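Peer 1: Chains A and B are the protein sequences, given in the same order.
To convert a position in the first sequence, counted from 1, into this note's numbering, add 49.
To convert a position in the second sequence, counted from 1, into this note's numbering, add 49.
Heads up, the beta-carbon is just placed ideally off N, CA and C, and yes, glycines get one too.
This one's a predicted model, so the numbers in the text were calculated from it and none came from an experiment.
Number of protein chains: 2
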Amino acid sequence: MAAFIVDRRDLDFVLYEQFKLEELTTWPRYAEMSRETFDMVLGEAVRFATEVLGPASGVADRAGVKIVDGEVVTAEVFKDIYRQYAEGGWIAAPHDPEFGGMGLPNALAIVVTELFIGACASFMFFPGLTAGAGHLIEAFGSDALKERFVARMYSGEWSGTMCLTEPQAGTSVGDLTTTATPIEGTDRFSIAGNKIFISAGDHDLTDNIIHLVLARVPGDTPGTKGISLFAVPKHRVNADGSRGEWNDVTLTALEHKMGIHASPTAALAFGENGRCEGFLVGERQQGLSYMFQMMNEARLHTGSQGVGIANAAYQLALAYAKERVQSTKATDRSDDVRRNLMLAKAYSEGIRALLVQAAVHADRARFHPDPDARSMSQGLLDLLTPVCKAYSTDTGFEVTELAMQIHGGYGYIGEYGVEQLMRDVKIASIYEGTNGVQALDLLGRKLRMKGGALFMAWFQEANAILERGAKTEGLGDIVDAVTKAKDTLGKTAFGFAEKGDPEVALLGATPFLEMFGQVQVGLLLLDQALIAEGQLRAIVAEKGVKDQAGVKKLVHDHEDARFYDAKIKTARFFANAVLPHVRATAAEIAAKDRSALDVIF
Amino acid sequence: MAAFIVDRRDLDFVLYEQFKLEELTTWPRYAEMSRETFDMVLGEAVRFATEVLGPASGVADRAGVKIVDGEVVTAEVFKDIYRQYAEGGWIAAPHDPEFGGMGLPNALAIVVTELFIGACASFMFFPGLTAGAGHLIEAFGSDALKERFVARMYSGEWSGTMCLTEPQAGTSVGDLTTTATPIEGTDRFSIAGNKIFISAGDHDLTDNIIHLVLARVPGDTPGTKGISLFAVPKHRVNADGSRGEWNDVTLTALEHKMGIHASPTAALAFGENGRCEGFLVGERQQGLSYMFQMMNEARLHTGSQGVGIANAAYQLALAYAKERVQSTKATDRSDDVRRNLMLAKAYSEGIRALLVQAAVHADRARFHPDPDARSMSQGLLDLLTPVCKAYSTDTGFEVTELAMQIHGGYGYIGEYGVEQLMRDVKIASIYEGTNGVQALDLLGRKLRMKGGALFMAWFQEANAILERGAKTEGLGDIVDAVTKAKDTLGKTAFGFAEKGDPEVALLGATPFLEMFGQVQVGLLLLDQALIAEGQLRAIVAEKGVKDQAGVKKLVHDHEDARFYDAKIKTARFFANAVLPHVRATAAEIAAKDRSALDVIF
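1. Going along the chain, which residues of its own chain have a beta-carbon closer than 7 Å to the beta-carbon of T559 of chain B, five neighbours each way excluded?
2. Would you call D236 of chain A buried or exposed, if buried means 16 or more other Cβ atoms sit within 10 Å of its Cβ?
3. Determine the DSSP secondary structure at S171 of chain A, reduced to helix, strand or coil.
4. Put A626 of chain A into one of helix, strand or coil per three-state DSSP.
5. Relative to the C-alpha of D45 of chain B, which candidate in B:V553, B:E608, B:T74, B:E206 has its C-alpha closest?
6. Which residues mark the beginning and the end of the beta strand (DSSP E) in which S312 of chain A is found?
7. Exposed or buried, which one is F341 of chain A when buried takes at least 16 other CB atoms within 10 Å?
8. Just to confirm my understanding: we take D614 of chain B, look at its own chain, exclude 5 residues before and 5 after, and list those with CB closer than 7 Å. What are they?
9. Would a check of beta-carbon distances place S644 of chain A closer than 8 Å to chain B?
10. Using the three-state DSSP reduction, which class does G295 of chain B fall into: helix, strand or coil?
11. Listed in chain order, which residues of the region 432-461 of chain B have Cβ atoms closer than 8 Å to some Cβ of chain A?
12. How about V108 of chain A and V114 of chain A: are their beta carbons less than 8 Å apart?
13. Using a 10 Å radius around the Cβ and a threshold of 16 neighbouring Cβ atoms, would you call E326 of chain B buried or exposed?
14. Please list the partners that N360 of chain A has in chain B, where partner means a Cβ-to-Cβ separation under 9 Å.
15. Per DSSP, what kind of secondary structure is K394 of chain A in: helix, strand or coil?
16. How about E450 of chain A and M471 of chain A: are their beta carbons less than 8 Å apart?
17. Could you give the DSSP three-state label for L278 of chain B: helix, strand or coil?
18. Does chain A have any CB closer than 8 Å to the CB of H350 of chain B?
19. Are there 16 or more other CB atoms within 10 angstroms of the CB of N243 of chain B, so buried, or fewer, so exposed?
20. Show which residues of chain B have a CB atom less than 7 Å away from the CB atom of E552 of chain A.
21. Give a yes or no on whether 8 Å exceeds the smallest Cβ distance from Y480 of chain A to chain B.
22. Give a yes or no on whether the minimum CB-CB distance between I514 of chain B and chain A is below 8 Å.
23. Have a look at H456 of chain A and L263 of chain A and give me their C-alpha separation to the nearest angstrom.
24. Based on the DSSP output, what are the partners of A241 of chain A in its beta bridges?
25. To which residues does DSSP link F319 of chain B through a beta bridge?
26. Between the region 519-534 of chain A and chain B, which residues of the former have a C-beta closer than 8 Å to a C-beta of the latter?
27. Give the residues of chain B in contact with I649 of chain A, contact being defined as C-beta atoms less than 8 Å apart.
28. Could you tell me which residues DSSP puts in a beta bridge with F328 of chain B?
29. At which residues does the alpha helix (DSSP H) containing T559 of chain A begin and terminate?
30. Is it buried or exposed, M307 of chain B, if we count other Cβ atoms within 10 angstroms and call 16 or more buried?
31. For H310 of chain A, decide whether its Cβ has a neighbour in chain D, counting only Cβ atoms nearer than 8 Å.
32. Whole angstroms are fine: how far does the CA of L73 of chain B sit from the CA of L64 of chain B?
33. Would you say Q375 of chain A faces chain B, with C-beta separation under 8 Å as the test?
34. Near S171 of chain A, what residues of its chain come up, given a Cβ to Cβ distance below 6 Å and the 5 sequence neighbours on each side ignored?
35. Should V117 of chain B be labelled buried (16 or more other beta-carbon atoms within 10 Å of its own) or exposed?
36. Over the uninterrupted alpha helix (DSSP H) stretch that includes G92 of chain B, give me the two end residues.
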């Protein structure tokens, strides 16, 4: 498989030049960190992604997962990688140091996640679920529970999963039938039920697996309100904290999936022999609310699956095109390849900025010294989360499509890597709430939250970028295009607030999320172009270049000048090729066509 | 795997009501055929697709292909199916009866192909390549060659392939290095060289395989002009026509592909031991022109891969949604599901009509009694072929994406069938000339052919539909939307004719093809809505229905009324949801943005 390539220059640009990561070190929370800390982490992440994870991806995909003696056996190559990953401290990178977390800012952690998922998506389910499950216990569990599980999970000794879906219930989690019956005279519950679609649900990478299971205590409220959360280890834990006997958790099936072949998606039976014990996490009947509180985080991570794989695919395609089309003027087709590359670049870099922006808001929402800034960022994070999840994953998929077309026939062949990226990214549009569900969340909930205040705050942020744009020479065409697109989005959003058929409005949810993503990426690419224009101007001045021919030569010869020039061109291309579609989508929504509702299929 | 479902009602509507297949029986060529003949063929094709091919698809995908003792072993289930397929006379269904063809109109044959590919795409490579290779020999080979090979290929005893690509040459066929050296005192040539990407390149379904190989006779013109075509059997043919000794054709590799796992994509070495003999097909140095003459046909077939898989995916999603979302009002998400279904329906039925229309032009071009009609249809076929190939395959892929989202998590799981359809359709955007190459063909060649006369003829056809629309009550909004889109397309096409930078113009090739496809499908769906409106009005009159409530009840209760009503709604939905994007794409092209050309990646 072709190598995993990282554009470190773009990462540095987004983190430091666009989102000013160093400012976080002025807050008490990150006072002990510095640019050097961040650079060291980033450098090590790039190394781990390119040297360890990347080379394992194709190998693990072909090895897949298999069941041996009732347990899952994973790709041989994963065992040592999980050890290295844990030793590197990556499992709980953004979590508190108390139980072994690195306490990294989310803005940095999301880039690390992006790199690791881009390098080997299948692998990341094991530590990703472990971190998520560990964090749930850390956030809501009793001290005894934290003591028992969290440090061992963050250290990589044990791992974790989330067990939500049941065979009969589908998306309706309130219908679950798994029961948790108190065991008299103990703090434990007897767990009985079946769960499906459990990522990393069984494997041989760790000594024990701590399943977080949604279940109902008999007699508790029916529906979603009566659900509680339990920590259910695969093997019981002895009094001294070591692994004890098997806890009656049985692997019943593995799914055969389109992609992420090296990641087991398991069905588990809890308590088939009546001997499965679990521990209540937090309060009774609060299980779903705990899950929901973790969900925003999970949705950003899913978004970064789109970002990581998009960028991996774009870099593969770029390397292929450079090698293959030695002269860009050699054939007519090179024009088409160039357009595909440019679209892939704009999307990949745009959604990367989108995710980092959301992660910065997550950091500000928790740790900014100013409470107003915290509240403002929390609102923007809430608003942007469904956009990050859905737009990044659908766009990531589209980038793999572009990358495949650039490869021609080779794109369809396993060894070139693109087809695996396409298969691996597709799940991201589906899980953690399908992208349709994200769209309904954005339109039905987020847009209305606090009387529309979130959206108004977003509008102000957008206008701030556009005002900077208005003061910058030479980018007026991009500013105009983004302004138009933003105004169209605003008009569409206010249109939803008008009285009308709510069902017809919901038909517009997916189109609205798509146009929101396009406008937001347009804004972020414009923001990048504005920064780049200033930097390029500075280089031109520094080098004493006087005319257009000189600038052209500078862009050709000077690495940074070339990078900044490409940023400006990328924003312009996006404004011309993608943003006109915002208006088209708005027209669809404005038409309020009932056909899809009224038709009898 | 979920069952393969055919909407026979829609097939009948497209063939008989929209494209009036029965009119063909008034031409001498089809004088002996009738509606009954067509219905019989169609009925048998539907049966074969649903009962034989469909159930084999998932099984064969999991079995894949393997190499045993240097030869390809295919899925066990394919052997009997190939026999049945051949006995059914399907291999040469549209070809002349002289060597065993059925002589079916292309319009019918393309629907048969669509059904078979939708039911089991992997299988169709074996008979598809055989028919293509057989037809090449039939069209250009000597009588001796036809005698030796064609009937045996059409009957299913032997099969065929096309060997074009070489490892070092990529898309540049003129660089080929395979040689064909005359063997003194015979009519045979000694073949030496390596070919890759050979669909059905080796397998165990037939007793012999006749490879059609592009090669150069030493001393002939360099580049594309000096290439000749040779028939090179895997096993030699004895004087009595029976299979003889091995002809030194060696399987060197099988590709591991994203999809069509049950179809072997082989690399072959010809004459590794200097004992490979081939026969010249047609004239020396005419090989590439022969291939090109077959290419239009192959491109329509590739388009119908998009159509077949789109319709299969739509039907799967529809069946799943009906079963799953028992009440369409049950959840918010049902709105999003309904929009996805409607988009999938509009695309699937629209590209089906597009392919049938092109096939009707192919029939008219060859067999219409009026030479002017023949010439007009040949021009429209030439113009529409790249649109059929590229738009249908990209759209087909998009429909599998919609179908997967409708399935939620189950869409990603093998047993539900959608993920296989997605993997299987993807290759269709790549082979027979990538969709980027199709776009360059449309813009760079077809639009200019005969001084733009092809496009003007298309414009007239479009206007004829719109004029009928103007006379029909109640569809004015759809007519307006399609008219606007068509005018935008026209303006864009004429814009390309203006003087300007040809490189920038070529950047617009892919967007232009996409908007052409959207407008053409918009026209065809409008045409369907016009027919449906008339039919619905007739039913309303016949039933004596007087008011809107009565019509609503009729649509609910009466199968045909429901079908026609859905046709109208489908056209309206497409006009509102898709056609606004035509203008957005036109804006991209009109911007003449050089960014993608000037950027230094």
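Peer 2: Reading it off the structure:
1. As a position in the second sequence, residue 559 of chain B is number 510, starting the count at 1. Result list for T559 of chain B: G485, A488, in chain order.
2. Sequence index remark: in the first sequence, residue 236 of chain A carries index 187 (1-based). Classification of D236 of chain A: exposed, given that the 10 Å Cβ count is below 16.
3. Position 122 of the first sequence, counting from 1, holds the residue named residue 171 of chain A. Residue state, collapsed to three classes: coil.
4. Taking the first residue of the first sequence as 1, we reach residue 626 of chain A at position 577. Correct three-state label for A626 of chain A: helix.
5. With chain B covering only 50 through 650, there is no way to say anything about residue 45 of chain B.
6. Counting from 1 along the first sequence, the entry for residue 312 of chain A is found at position 263. Run containing S312 of chain A: none; DSSP gives neither H nor E here.
7. Indexing the first sequence from 1 puts residue 341 of chain A at position 292. So F341 of chain A ends up on the exposed side.
8. Start at 1 with the first residue of the second sequence, and residue 614 of chain B comes out as number 565. Excluding residues within five positions, the ones whose Cβ falls inside 7 Å are L585, V604.
9. On the first sequence, position 595 is the one that residue 644 of chain A refers to. It does: the Cβ of S644 of chain A has a partner Cβ on chain B nearer than 8 Å.
10. By one-based count along the second sequence, residue 295 of chain B stands at place 246. Reading off the sequence shown, one finds Trp at residue 295 of chain B, where the question assumed Gly. It is a strand residue.
11. F446, E450, M453, Q454, G457, G458, G460, Y461
12. Residue 108 of chain A sits at position 59 when you count from the first residue of the first sequence. Residue 114 of chain A sits at position 65 when you count from the first residue of the first sequence. Going by C-beta atoms, V108 of chain A is not nearer than 8 Å to V114 of chain A.
13. Residue mapping note: residue 326 of chain B aligns to position 277 of the second sequence, counting from 1. Burial call: buried.
14. The residue you call residue 360 of chain A lines up with position 311 of the first sequence. Those do not exist, as N360 of chain A stays about 14 Å from chain B at its closest Cβ, beyond 9 Å.
15. For the purposes of this step, residue 394 of chain A is taken as residue 345 along the first sequence, with counting starting at 1. Reduced to three states, the DSSP call for K394 of chain A is helix.
16. Indexing the first sequence from 1 puts residue 450 of chain A at position 401. Indexing the first sequence from 1 puts residue 471 of chain A at position 422. Closer than 8 Å, so yes.
17. Here residue 278 of chain B corresponds to residue number 229 of the second sequence, with the count starting at 1. It is a strand residue.
18. Translated into positions along the second sequence, residue 350 of chain B becomes position 301. For H350 of chain B, the answer is no, since every Cβ of chain A falls outside 8 Å of its Cβ.
19. In the second sequence, the residue the question calls residue 243 of chain B occupies position 194. With 16 or more other Cβ atoms within 10 Å, it is buried.
20. Taking the first sequence and counting its residues from 1, one reaches residue 552 of chain A at position 503. Going along chain B in sequence order, the residues near E552 of chain A (Cβ under 7 Å) are D384.
21. Residue numbering aside, residue 480 of chain A sits at position 431 when the first sequence is read from its first letter. Yes, Y480 of chain A counts as interfacial toward chain B.
22. The sequence position of residue 514 of chain B within the second sequence is 465, counting from 1. So no, I514 of chain B is outside the interface.
23. Start at 1 with the first residue of the first sequence, and residue 456 of chain A comes out as number 407. Start at 1 with the first residue of the first sequence, and residue 263 of chain A comes out as number 214. Distance between the alpha carbons of H456 of chain A and L263 of chain A is about 45 Å.
24. In the first sequence, residue 241 of chain A corresponds to position 192, counting from 1. According to DSSP, which records beta bridges pairwise, A241 of chain A is partnered with A:T228.
25. Working through the second sequence from its first residue, we reach residue 319 of chain B at position 270. B:G242, B:V298, per the DSSP bridge assignment.
26. none
27. Stepping through the first sequence from its first residue, residue 649 of chain A is reached at position 600. Those within 8 Å of I649 of chain A in chain B are V604, H605, R611, D614, A615.
28. What you label residue 328 of chain B is simply residue 279 of the second sequence in a count that begins at 1. B:R237, B:A280.
29. Indexing the first sequence from 1 puts residue 559 of chain A at position 510. Taken as a continuous stretch (DSSP letters only), the alpha helix (DSSP H) holding T559 of chain A covers 558-591.
30. As a first step, residue 307 of chain B must be located in the second sequence, where it is residue number 258. Buried.
31. Annotation note: the requested chain D is absent from the structure, which comprises protein chains A and B.
32. Here residue 64 of chain B refers to the residue found at position 15 of the second sequence. Here residue 73 of chain B refers to the residue found at position 24 of the second sequence. Their backbone Cα atoms lie some 11 Å apart in a straight line.
33. Here the question's residue 375 of chain A lines up with position 326 in the first sequence. Confidence at Q375 of chain A is low in this model, with a pLDDT of 48, below 50, so its placement is unreliable and no value can be given for it.
34. Stepping through the first sequence from its first residue, residue 171 of chain A is reached at position 122. Taken in chain order, the residues that qualify are A109, I309, A311, S312.
35. Looking up residue 117 of chain B in the second sequence gives position 68. With fewer than 16 Cβ atoms within 10 Å of its Cβ, V117 of chain B is classed as exposed.
36. Your numbering for residue 92 of chain B matches position 43 in the second sequence. G92 of chain B -> alpha helix (DSSP H) spans 84-96.
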